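Quick notes on the structure that follows.
Residue numbers (the numbering used here): 2 to 44.
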């Protein structure tokens with residue numbers, strides 16, 4: 002049970018990191034036409 006909770010916590014933290022990257026993309030790289038790949042895959 003503890004291991005399952007730990008995995009959920011790790012997945013949640015990973016989702017937060019992807020969300021921060023997505024917001025960072027929308028703030029800065031959004032206006033750059035040379036984006037190497039789509040950050041929408043993190044959403």
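Glycine included, every Cβ here is placed at the ideal spot set by N, Cα and C.
Because the structure is a prediction, the values reported are computed rather than measured.
_Given this structure, state the Cα-to-Cα distance separating residue 4 from residue 17, to the nearest angstrom._
For the purposes of this step, residue 4 is taken as the residue at position 3 of the chain shown. For the purposes of this step, residue 17 is taken as the residue at position 16 of the chain shown. In a straight line, the C-alpha of residue 4 is about 20 Å away from that of residue 17.
*So is residue 44 buried or exposed if we call it buried at 16+ other beta carbons inside 10 Å?*
On the chain shown, position 43 is the one that residue 44 refers to. Unreliable placement is indicated for residue 44, whose pLDDT of 46 sits below 50; no coordinate value is reported for it.
_By the three-class DSSP mapping on this structure, what secondary structure does residue 20 have?_
Numbered from 1 along the chain shown, position 19 holds the residue referred to as residue 20. Helix, per DSSP.
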